[in-house]
Structures are given as C-alpha cells and as structure tokens.
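S.K.:
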Amino acid sequence: MATPTAELNVFLWEGRDKRGVKLKGEQIAKNQNLVKADLRRQGITPIRVRKKSKPLLGGAGRRVKSKDIAIFSRQLATMLQSGVPLVSSLEIISGGTPNPRLQKLINDIRADIEAGGTLAEALGKHPVHFDELYCNLVRAGESSGALDGLLDSIATYKERIESIKGKIKKAMFYPIAVVAVAFIVTAILLVYVIPQFESVFDQFGADLPAFTRFVVDLSRSVREFGLVYLIGFAGLVAAFIFFKKRSLAFSHWLDRMTLKIPVIGSVLEKAAISRFCRTLATTFTAGVPLVDALDIVSGATGNQVYNDAAARIRDDVAVGHSLRLALEQVKVFPHMVIQMTSIGEEAGSLDDMLNKVADFYEEEVNNTVDALTSLLEPFIIVLVGVLVGGMVIAMYLPIFKMASIF
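Letter by letter, the sequence shown follows residues 0 to 405 of numbering that gives the first Met the number 0.
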C-alpha cells in the first residue's frame with residue numbers, strides 16, 4: 000500500500016550567508032527540515048523557518064478559471080521547450096502565480112509527479128480543471144516523447160477557445176449591462192419619483208389619461224409587491240440554472256432555441272463549429288484514433304446540439320463510414336465544412352484542413368461579433384429611451400391636458 004504524499008506548503012525563511020549578510024525569502028517544500036537542508040546546501044545558515052500563514056479574508060483566493068489553465072499550459076510548454084525539467088517548471092510556475100488556488104493545484108500536480116506518477120495521471124486527479132481531452136493529449140505526448148510539442152498545441156488550442164469565448168462575452172456584456180442599468184433606473188423612478196407626481200394628480204381631481212393611469216398603477220404594484228417580484232425573478236433564474244445543469248433534455252432544447260436567435264444564433268453556431276474542428280484537429284494531430292477523438296469532441300463543442308451530432312458521427316465512423324458521410328448525415332454542418340473534410344480525407348491531411356476550417360470560422364465569429372455590437376447599440380438606445388422617456392411623457396400628459404383646457 001502506497002504511503003500518502005505529504006502536502007507541499009510555502010515557508011518563509013530568514014538566514015545569513017557566509018559573509019554574515021542577512022537574507023530572507025520563500026520556498027515551497029513538504030516540511031521545515033527540507034527547507035533548512037536546502038538552505039545549508041546553498042551556503043546559507045537558517046535563522047528562522049516558518050510556514051506562511053493564509054490570509055483571514057479570501058484565503059482560498061479566486062477560483063481557477065479556464066483562462067488560468069490556458070496561461071499555465073503556455074508557460075509549461077515554453078519552459079519544457081527551453082529545456083527546463085518538468086518538476087522545476089512546475090515549481091517556477093507555482094511561485095509566479097498570484098492565485099493561491101492555482102498555486103495549490105500546481106503544487107499538488109508537482110507532488111504527484113515527484114511521488115512517481117506521470118503528468119497525465121497527476122492532471123487526471125483534477126478533472127474540473129483538466130478535462131479528458133487535455134489528459135489524453137498529455138498522455139499521447141508522454142508516450143511519444145514529444146510532450147513539449149503537444150503542450151504547445153494544447154496551449155494554442157486553449158488560447159483560441161478562450162479568445163472566442165472572450166469575444167462572445169464582450170459582445171453580450173455591454174448590452175446586458177446597459178439594459179440592467181435602464182431597468183434599475185426605471186425601478187427607482189417607479190418607487191420614488193412617480194408617487195410624487197401621483198400625489199399632485201390626486202389634487203387635480205380629474206381623470207388621468209390611460210397611459211398615465213397605467214404607469215401610476217405599475218408604480219403602486221412595484222411598491223406593494225416589489226419584493227415578491229424580486230423573489231419570483233430570483234426563483235426563475237435559480238430554476239433555469241438548475242434545469243440547465245441537471246436536465247439534458249432542457250439543455251438540448253435551450254441550445255437548439257439559442258441557435259435560432261437572429262445574429263446571436265449565428266455567432267454561437269460558428270463558435271460551436273470552430274470548437275468542433277479545432278478539437279478534432281488537435282486530438283487527431285496528437286495521434287489519437289479518429290473514433291476516440293470524436294468521443295472526446297462530443298463533450299467539447301459548448302453546445303448540446305453539436306455534442307449530440309459529434310456522438311452520432313462517432314457511431315457512424317465506428318461502423319466504417321467516412322467522416323464526410325457522417326457529417327452529411329447529422330445535417331448541422333455547412334457544406335464548406337463537409338467539402339473541406341472530404342478533401343482532407345482524400346489528401347491525407349485531415350488535421351490541416353480542420354485547422355483551416357476552424358481558422359475560418361473563428362474569423363467569422365470575430366467579424367459577426369463586431370457587427371453585432373454595432374447593431375445592438377441603436378437598439379439599446381431606443382430601449383432606454385422608451386423606458387425612461389415613456390414614464391416622463393406619462394407624467395406630463397395630465398399637465399398638457401390641463402393646459403389645453405385652460
């Protein structure tokens with residue numbers, strides 16, 4: 000039975016060199032004795048070594064994002080290509096990251112490798128951060144002796160995927176933020192401003208215009224049942240997130256509906272196709288058999304419709320169909336993708352063709368997102384004008400009516 004690997008910790012040390020100059024620093028090790036022994040080997044007499052304490056607030060640090068994994072992959076690939084040993088590379092990267100959670104993750108991986116495990120095995124213990132695709136590619140790189148090259152491909156793949164996700168998030172953040180601000184301003188007007196006008200209108204004793212009456216009634220409803228509306232909205236959001244994560248049927252229906260949204264659906268479709276082609280090309284280049292590569296791709300497109308399509312393609316290829324024919328049968332890929340795949344199969348350069356298709360659709364995503372941003376700006380201005388300007392008009396309609404009488 001294997002003994003458990005001791006956890007790596009960060010130690011703060013103070014010491015003096017042979018000249019008597021006082022030095023201090025940080026070092027990652029399993030215990031204080033190892034730190035002291037390492038310092039003595041460097042000709043430093045340790046004075047004090049203590050474990051670095053964690054901060055009281057936010058001690059866990061921010062969570063490890065997919066972007067952090069992309070940066071980690073690029074750093075590790077660069078160091079291995081420069082001839083730095085794997086364990087040393089992990090130690091250097093760990094010491095340079097400001098995120099405590101990422102630092103702990105890298106230290107855990109390093110400890111597993113020092114205990115005799117492979118990099119693929121160490122990464123496989125953290126499936127939340129390193130998916131099946133990542134681990135399989137690393138395993139293929141270790142088997143072929145070209146780990147640095149495979150990590151470079153992984154880093155490039157991660158960077159391109161993050162670039163697409165960033166573009167889509169950037170396009171959606173601006174309109175969502177403006178619309179949210181518009182609704183907050185509207186709520187403030189309904190709760191605090193409209194009641195002031197309502198008290199003035201009550202003194203008139205005249206019938207209010209229909210539009211003004213609607214806004215006044217809406218203000219009363221928000222003031223009386225605002226908390227209920229807020230709880231109901233929060234409940235809908237929570238239910239949406241719950242079913243999105245737990246119900247495959249709901250997730251499939253939602254992804255299918257989003258693909259039908261004008262402009263936005265086109266962006267999501269092109270992004271899914273790009274991820275399908277890029278992932279398949281990367282795995283195929285690494286020497287993963289096509290059927291196994293398609294099995295990995297079936298969970299990596301970011302859209303359930305295309306994940307299901309990839310699973311059907313895998314089943315068709317497994318029984319002997321060509322990839323081109325399998326793509327035709329699922330009827331979700333454009334003609335260009337099918338034709339480029341066919342050319343790649345015939346020429347024996349499927350990975351190159353798939354990479355070119357992925358490049359094309361990534362550029363299409365960039366162009367469409369830029370166009371979407373320009374298209375949404377006037378729509379947002381009109382929406383804000385209707386919400387805020389409509390209430391202003393509703394409040395002044397009775398005044399205009401009285402002025403016409405007198």
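Note that the Cβ used here is the ideal one computed from N, Cα and C, for glycine as well.
Values in this document were obtained by computation on a predicted structure and should not be read as measured data.
Apart from the five residues just before and just after I112, which ones in its own chain have a Cβ nearer than 8 Å to its Cβ?
M.R.: L85, V86, L89, L118 and A121, listed in sequence order.
S.K.: Do you know how far the Cα of D216 is from the Cα of I230?
M.R.: Near 20 Å, if we compare the C-alpha coordinates of D216 and I230.
S.K.: Using the Cα positions of L382 and V184, report the straight-line distance between them to the nearest angstrom.
M.R.: Their Cα atoms are separated by approximately 13 Å.
S.K.: If I measure Cβ to Cβ from I105 and keep anything under 8 Å in the same chain, skipping five residues before and after, which residues do I get?
M.R.: Closer than 8 Å at the Cβ level, and outside the excluded window around I105, lie F71, L89, I92, S93 and T96.
S.K.: Measure the CB-CB distance between G389 and V214 and report whether it falls below 9 Å.
M.R.: For G389 and V214, yes; Cβs fall inside 9 Å.
S.K.: Taking contact to mean 3 or more Cβ pairs, one atom from each stretch, closer than 8 Å, check whether the region 273 to 285 and the region 348 to 368 are in contact.
M.R.: Enough Cβ pairs lie closer than 8 Å, so yes.
S.K.: Sorted by chain position, which residues of the same chain lie with C-beta nearer than 6 Å to G140's C-beta, five sequence neighbours on each side aside?
M.R.: Hits under 6 Å: L146 and L149.
S.K.: Put T44 into one of helix, strand or coil per three-state DSSP.
M.R.: Correct three-state label for T44: strand.
S.K.: Counting only runs of 4+ residues fully inside the region 170 to 254, write out the alpha helix (DSSP H) ranges in chain order.
M.R.: Within the region 170 to 254, the complete alpha helix (DSSP H) runs of at least 4 residues are 193 to 203 and 209 to 245.
S.K.: Using C-beta distances below 6 Å, list every residue in its chain close to L101, excluding the 5 sequence neighbours before and after it, in chain order.
M.R.: Around L101: V63 and D67.
S.K.: Do D151 and A69 have their beta-carbon atoms positioned less than 9 Å apart in this structure?
M.R.: Against a cut-off of 9 Å, the Cβ pair of D151 and A69 comes out as no contact.
S.K.: Measuring straight from C-alpha to C-alpha, what distance separates S321 and N8?
M.R.: Going from the Cα of S321 to the Cα of N8 covers about 52 Å.
S.K.: Is F239 buried or exposed, if buried means 16 or more other CB atoms sit within 10 Å of its CB?
M.R.: Answer is exposed; the Cβ neighbour count stays below 16.
S.K.: If you count every other CB in all the chains shown that lies within 10 Å of the CB of F232, and 16 or more means buried, which is it?
M.R.: Flag for F232 reads exposed.
S.K.: Taking buried to mean at least 16 other C-beta atoms within 10 Å of its own C-beta, is R138 buried or exposed?
M.R.: Classification of R138: buried, given that the 10 Å Cβ count is 16 or more.
S.K.: Taking R15 as part of the beta strand (DSSP E), name the residues at either end of that continuous run.
M.R.: Per DSSP, R15 belongs to the beta strand (DSSP E) from N8 to R15.
S.K.: What is the DSSP secondary structure of I263, counted as helix, strand or coil?
M.R.: In this structure, I263 counts as helix in the three-state DSSP scheme.
S.K.: Tell me which residues share the same chain as L371 and place their Cβ nearer than 6 Å to its Cβ, disregarding the 5 neighbours each side in the sequence.
M.R.: Closer than 6 Å at the Cβ level, and outside the excluded window around L371, lie A170 and V262.
S.K.: Look at the Cβ atom of N135, then the Cβ atom of A317, and state whether they are nearer than 9 Å.
M.R.: Not closer than 9 Å, so no.
S.K.: How many whole angstroms separate the CB atoms of G14 and I46, which I take to be in contact at a CB cut-off of 8 Å?
M.R.: The Cβ separation is near 5 Å, so the contact holds.
S.K.: Would K157 be called buried (16 or more neighbouring beta carbons within 10 Å of its own) or exposed?
M.R.: So K157 counts as buried.
S.K.: Check this for me: beta carbons of P208 and L396, under 9 Å apart or not?
M.R.: Closer than 9 Å, so yes.
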